[in-house]
Amino acid sequence: MTSDSTALGRCPDCSEVIEAYQSLIEFEDGDGTTGVFAECYSCDEVVRPE
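Once you know that position 30 of the sequence shown is 30 in full-length UniProt numbering, the rest is easy, because the numbers rise by one and skip nothing.
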């Protein structure tokens, strides 16, 4: 997990801002881009920030 406070995006379910420290896993998509799954503290779900 990362510890800085850079925003990764917003929760697709509740629109809450997802910070970098909420990141659970980073991965590389087939097209070479990096994706991330993070925990949304507001709706208590694992999401892919938008």
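Using N, Cα and C, we set each Cβ at its ideal position, and we do this for glycine too.
query, result
"THR2 versus SER23 - alpha carbon distance", "Model confidence at THR2 stands at a pLDDT of 47, short of 50, so the residue's coordinates are unreliable; what they give is reported in the following sentence. Going from the Cα of THR2 to the Cα of SER23 covers about 7 Å."
"Option nearest SER5 by Cα separation, candidates ALA20, ASP13, PRO12, SER15", "ALA20"
"Endpoints, the beta strand (DSSP E) within which THR34 is located", "34 to 40"
"Beta carbon proximity, CYS40 to chain C, threshold 7 Å", "Structure shown: chain C not included; a single protein chain is present."
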